[in-house]
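Using my numbering, the letters of the sequence shown correspond one by one to residues 0 to 346.
The next block holds one structure in the form of structure tokens; read it before the comments.
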Amino acid sequence: MQQDWQDFLVSKGATLAGSTVESFSQQNDETTTEGHSILCDLSHYAIFRASGSDASNFLQGQLSNDINQVNESRSQLSAYCSPKGRALALLRIIKQGEDYLLILPAEIAEKTINRLKMFILRSDVSIENASDAFFHFGVCGKNASESISAALATKELPTETDQASLLDGTNIIKLAGQPDRYELLGPYSEARSTWEKLQQTAEAAGHASWELQQINAGIPEILTNTSEAFVPQMLNLQLINAVNFKKGCYPGQEIVARTKYLGKLKKRLFLAEIAGNQPLEIGTGIYESGENQQSVGKIVLAAPLTEDTTRILAVLQISSVENQPLSPGQKGGEALKLLELPYSLEE
0 MQQDWQDFLV
10 SKGATLAGST
20 VESFSQQNDE
30 TTTEGHSILC
40 DLSHYAIFRA
50 SGSDASNFLQ
60 GQLSNDINQV
70 NESRSQLSAY
80 CSPKGRALAL
90 LRIIKQGEDY
100 LLILPAEIAE
110 KTINRLKMFI
120 LRSDVSIENA
130 SDAFFHFGVC
140 GKNASESISA
150 ALATKELPTE
160 TDQASLLDGT
170 NIIKLAGQPD
180 RYELLGPYSE
190 ARSTWEKLQQ
200 TAEAAGHASW
210 ELQQINAGIP
220 EILTNTSEAF
230 VPQMLNLQLI
240 NAVNFKKGCY
250 PGQEIVARTK
260 YLGKLKKRLF
270 LAEIAGNQPL
280 EIGTGIYESG
290 ENQQSVGKIV
300 LAAPLTEDTT
310 RILAVLQISS
320 VENQPLSPGQ
330 KGGEALKLLE
340 LPYSLEE
């Protein structure tokens with residue numbers, strides 16, 4: 000995050016932890032979006048630019064989704080997997096001109112991109128960090144589209160999940176979930192003016208508010224403690240259009256395909272909540288409550304819902320959810336309350 004952008008956010012009441020906005024001084028205690036839209040700075044994600052005549056073919060051979068379906072009006076989620084079929088990272092891919100923008104959490108970005116670069120070899124591909132060239136905002140809420148339309152003076156917003164539009168250099172991406180969620184990426188020179196226009200109709204909020212809406216949408220994220228922990232199907236990636244089983248080879252493709260066609264999935268992503276709002280570390284184990292306290296899964300994302308409740312996404316053994324109460328950590332405690340995901344579990 001550029002220093003002048005940090006200074007700007009602080010002047011608007013932000014409390015920062017590195018590149019992450021923890022909160023705003025005027026933010027409501029409740030982190031829901033009922034009755035208003037929220038505006039979040041997403042500088043804790045990194046943006047890389049992949050360019051060159053071989054960029055499309057290179058990404059097609061490395062990622063789980065069909066890069067040929069990405070264009071300036073359609074973005075894409077895609078997993079980068081190890082040869083053992085374990086998801087190393089989950090990226091959003093955006094087409095901008097002849098280039099591709101790769102968006103992923105900053106905490107795993109350098110390691111992920113450096114690994115990708117190892118396989119460029121003689122291909123005409125360059126992948127460079129472009130985070131400082133863009134502002135990156137999230138807008139969410141039942142009035143989100145009105146907020147963006149007013150700020151950018153347009154009514155031409157994408158209306159379906161993963162659709163994108165480009166307006167005067169600003170990418171607008173419609174994300175999954177209700178209330179409506181959008182990501183905005185635009186030229187850094189327009190960051191301050193765009194933020195101030197959006198803030199006229201949307202309330203600035205910290206990263207936890209954005210993560211809560213991602214959790215509610217059932218969309219996972221891969222961070223340091225969960226990288227290479229799960230095959231894509233355990234994260235429900237095949238259910239949210241992040242895996243294409245008809246494309247060609249990529250690292251781990253045989254195992255991912257075998258899981259679909261030959262194996263019976265034993266773990267998947269669940270939406271749940273738990274009493275209390277103490278921070279839950281990503282990767283924390285989920286345990287059965289019996290004498291053996293056997294581990295049956297891990298927390299993937301967690302964010303406070305209210306002062307008394309935390310909402311989470313967790314990968315759990317499917318067979319365990321019907322047997323006995325499950326709780327984070329080996330010392331027992333509050334049991335998880337499982338909730339229904341907002342999308343079908345049928346492939």
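Every residue gets a Cβ at the ideal spot worked out from N, C-alpha and C, and that includes glycine.
For residue j and residue i, believed in contact at Cβ under 8 Å, the rounded distance
i, j, result
"Gly296", "Ala313", "5 Å"
"Leu115", "Gln61", "6 Å"
"Cys87", "Ser288", "In the sequence as displayed, the identity of residue 87 is Leu instead of Cys. So it is not a contact: roughly 32 Å between Cβ atoms."
"Pro327", "Ile281", "No, Pro327 and Ile281 are not in contact; Cβ-Cβ is about 11 Å, not under 8 Å."
Closest residue to residue i among the options (Cα-Cα distance)
i, options, result
"Leu100", "Asn170, Met117, Cys39", "Asn170"
"Glu127", "Ala54, Tyr260, Lys83", "Ala54"
"Asp131", "Gly185, Gly84, Ile285, Leu156", "Gly185"
"Gly251", "Cys80, Gly140, Ser50", "Cys80"
"Asp98", "Glu145, Asn67, Ser42, Gly332", "Asn67"
"Leu58", "Leu90, Gly17, Gly282", "Leu90"
"Thr305", "Pro278, Gln292, Ala45", "Pro278"
"Ser319", "Phe269, Arg121, Glu339", "Phe269"
"Gly96", "Trp209, Arg257, Leu165, Leu325", "Leu165"
"Leu211", "Pro231, Thr193, Pro178", "Pro178"
"Leu410", "Trp194, Leu325, Pro341, Gly176", "Residue 410 cannot be examined here, being either before or after the span of the chain that is shown, 0 to 346."
"Gly262", "Thr283, Val230, Glu155", "Val230"
"Ser208", "Arg267, Phe47, Asp40", "Asp40"
"Gly332", "Gln292, Leu338, Val20, Ile214", "Gln292"
For residue i, the three-state DSSP class (helix, strand or coil)
i, result
"Gln416", "Because the chain here runs from 0 to 346, residue 416 falls outside it and cannot be looked at."
"His35", "coil"
"Tyr249", "coil"
"Pro231", "helix"
"Gln5", "helix"
Environment of residue i [buried if 16+ CB atoms lie within 10 Å]
i, result
"Lys265", "exposed"
"Cys248", "exposed"
"Val138", "buried"
"Lys83", "exposed"
"Gln199", "exposed"
"Arg180", "buried"
"Tyr44", "buried"
"Met117", "exposed"
"Gly12", "exposed"
"Asp167", "exposed"
"Leu197", "buried"
"Val9", "exposed"
- Message: Check whether the segment 296-316 and the segment 203-223 touch, using three or more Cβ-Cβ pairs below 8 Å as the test.
- Response: At 8 Å Cβ cutoff, the stretches touch.
- Is it a yes or a no for the segment 186-193 touching the segment 64-78, going by three-plus beta-carbon pairs under 8 Å? In the pairwise beta carbon analysis, the segment 186-193 is classified as not touching the segment 64-78: fewer than three pairs are separated by under 8 Å.
- Message: Measuring CB atoms only, is the segment 99-113 touching the segment 140-154, in the sense that at least three cross pairs come out at less than 8 Å?
- Response: No, they do not touch.
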